[in-house]
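Working notes, structure below.
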Ligand SMILES: O=C(O)CC[C@@H](O)C(=O)O
Ligand SMILES: [Zn+2]
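In the working numbering, the protein residues as written are 170 to 613.
Now the structure itself:
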C-alpha cells in the first residue's frame, strides 16, 4: 500500500487499505457505482506525482488507480488528434507521437511517471505552456465516469464545437472531485525539427524582464520556453550534483530560452543574433548556446532538476503561484527576509530551513517559490502561511498556477476566488457528487 498512501514529497500520508486497478472504463463505472451506493469514498490516482496532496487519501479512502488503463486508442496523422486512456504515461504518449512527427502539447519534469489523465485532472501547465497553451485549449474531449457510474463519453476530435456548455472544462483541473477521467482526446502540434537552447545569466531581475521582452519580440514565433532560475536554485543543484556550471561566472538570475521551429539555420541564426543584441545592450551578462542534443539536455536539467535537488535536503514547502511579472520575484525576497528574521535559516542541523529559492515559468508569470527544509516544522509553516497567500491575494495573483488545490490549498481558496465563485463551485460539486465520495476533504 505504501506508494499509494504517500506522496513523493513525503508530506501527505493516507491510511487506505484498498487499491483497485480497473482495466476499462466499464470497470471504473462499476466500481464507482458500488462505492456511491455504499457511501465509500474514493481517490482517483495516476502517477501520484502531484505536489498538493490531491492524489493520496486523507483517511482510508479507496484508491482507484489508472495504472492498467494505458492504451493509446487512436491517432489521426492528418489532424494530429490523439485519443488515449487516462493511465498512459506522459513520456510514453510523447514518444509515440515523436515517431509520427508530433508532440504532446505538455511537458514537465515528472513526465516519466505522471499519467496524462492526472495531468488533465490537475490542468498541469509545464515547461512550454508559453508556446502550446493550456490544456483547457488543447484537450478536445474527455471520457469520464461520474460517481453514480454514468459514463460521460465526449471524446470529441474537433477543435470547434460550440454546442452548449463546455462541460469537459469542469473535469480539466477538477482534480477528480466530480468524476474520474478515463480517457482524453487532445490536439497535438507537429514536432519542430529545429530545437535550440540558450542559458543566460543576468545581474538583476529587472534585466531578466528586459531579456524576456526582447526574446518575445526578436524570437517571436519560434520561442518555446522562457524559464527563470535564481542563483539560490542553481546553488542547490550544484550542491547536490557537484556538476560543472553552464556559465563560468555566477549571477543572481539565470534564464533558459528554448526555440522550436522548422529551419535549423534560420532558428540558430535568430537566437545568435538575439544573444549578441542582449549582450551588447548589457541586458544579459553572459550566455551559452547548446551545441548539440547532449548540451540541450544538460542545460534543461539545470532547470528541470531543481525540484529533485531541493527535495534532497529533506522536505520542501512549495508555493506555485501566478504574479504579475514586475512583482514576481519580490515575493521570494520578502519570504527569505521573513524566514531569516525568524532565525529559522542556517547551515547547521539546528535550523529547519536550508534555503528559500525562486524559479519557474517566467513566460507565463508562474513562480515556484520553494522553501527547502531539513524537516517539516510548524514554526516555518507559521511564518509562511497565510503570509504567502495574503501577499498573493493583495496583488490579485493566483494561489495556484498549475499544481492545483488538493489538500494543500483548500483553505486558502478565498485568497483567489470570491464568495460567489466558491458558492458556484460548491453547487457544482453537490450536483455531480451528492454523496461526496469523490476525492473528499480536498479542493472545495
Ligand atoms: O517543485 C516545484 O515546486 C515545481 C515543479 C514543476 O512545476 C516545475 O516547474 O519544475
Ligand atoms: Zn512548474
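All C-beta atoms, glycine included, are put in the ideal place defined by N, C-alpha and C.
Enclosing beta strand (DSSP E) for residue 487 [first to last residue]: Here the question's residue 487 lines up with position 318 in the chain shown. 484-491 is the extent of the beta strand (DSSP E) around residue 487.
As assigned by DSSP and simplified to three states, the class of residue 393: In the chain shown, counting from the first residue as 1, residue 393 sits at position 224. Looking at residue 393 - three-state DSSP - the assignment turns out to be strand.
Helix, strand or coil at residue 250 according to DSSP, with G and I counted as helix: Within the chain shown, numbered from 1, the residue matching residue 250 stands at position 81. Looking at residue 250 - three-state DSSP - the assignment turns out to be strand.
As assigned by DSSP and simplified to three states, the class of residue 419: Taking the first residue of the chain shown as 1, we reach residue 419 at position 250. Residue state, collapsed to three classes: coil.
Minimum length 3: unbroken beta strand (DSSP E) runs contained in the segment 327-396: 349-356 and 363-371
Near ligand 2: residue 571 beta-carbon under 7 Å from a heavy atom: Residue 571 sits at position 402 when you count from the first residue of the chain shown. Relative to ligand 2, the nearest heavy atom lies less than 7 Å away from the CB of residue 571.
Span separating the alpha-carbon of residue 355 from that of residue 338: Within the chain shown, the letter at position 186 stands for residue 355. Within the chain shown, the letter at position 169 stands for residue 338. Each residue's alpha carbon lies about 13 Å from the other.
Any non-hydrogen atom of ligand 1 within 7 Å of residue 532 CB: For this step, residue 532 is matched to residue 363 along the chain shown. Not so, every heavy atom of ligand 1 lies at least 7 Å from the Cβ.
Three-way DSSP call (helix, strand, coil) for residue 535 in this model: As a position in the chain shown, residue 535 is number 366, starting the count at 1. Looking at residue 535 - three-state DSSP - the assignment turns out to be strand.
Status (buried if at least 16 other CB within 10 Å, exposed otherwise) for residue 279: Working through the chain shown from its first residue, we reach residue 279 at position 110. Residue 279 comes out buried.
Rounded separation between residue 415 and residue 180 - CA only: Translated into positions along the chain shown, residue 415 becomes position 246. Translated into positions along the chain shown, residue 180 becomes position 11. About 32 Å.
Residue 436: first and last residue of the uninterrupted alpha helix (DSSP H) it sits in: Locating residue 436 in the chain shown gives position 267, where the first residue counts as 1. Looking at the DSSP string, the run of the alpha helix (DSSP H) that includes residue 436 is 433-449.
Reference residue 453; option with closest CA among 462, 459, 443 and 461: The count along the chain shown starts at 1 and reaches residue 453 at position 284. Looking at the Cα atoms, 443 is the closest of the given residues.
Which of helix, strand or coil DSSP assigns to residue 424: Translated into positions along the chain shown, residue 424 becomes position 255. It is a strand residue.
Top-ranked residue by Cα proximity to residue 399, from 377, 455 and 587: Sequence index remark: in the chain shown, residue 399 carries index 230 (1-based). Among 377, 455 and 587, the Cα nearest to that of residue 399 is on 377.
Spatial neighbours of residue 175 in its chain, beta-carbon cut-off 6 Å, leaving aside the 5 residues before and after: Mapped onto the chain shown, residue 175 falls at position 6. Within the same chain, residue 175 has close Cβ partners 182.
Contact with chain B by residue 446, beta-carbon distance below 8 Å: Considering every chain present, this structure includes no chain B. It has just one protein chain.
Boundaries (first-last residue) of the alpha helix (DSSP H) holding residue 267: For the purposes of this step, residue 267 is taken as the residue at position 98 of the chain shown. In the DSSP annotation of this structure, the continuous segment of the alpha helix (DSSP H) that includes residue 267 starts and ends at 259-268.
Nearest neighbour of residue 254, chosen from 231, 289 and 557 [CA to CA]: In the chain shown, residue 254 corresponds to position 85, counting from 1. Checked all of 231, 289 and 557; the closest Cα to residue 254 is 289.
Residue 333 beta carbon near ligand 1 (any heavy atom closer than 7 Å): Residue 333 sits at position 164 when you count from the first residue of the chain shown. For ligand 1, not one heavy atom lies less than 7 Å from the Cβ of residue 333.
For residue 240, the nearest candidate out of 230, 233, 556 and 252 (CA to CA): As a position in the chain shown, residue 240 is number 71, starting the count at 1. Checking every option, the nearest Cα to that of residue 240 belongs to 252.
Strand pairing of residue 474, partner residues [DSSP]: In the chain shown, residue 474 corresponds to position 305, counting from 1. Paired residue(s): none; residue 474 is not in a bridge.
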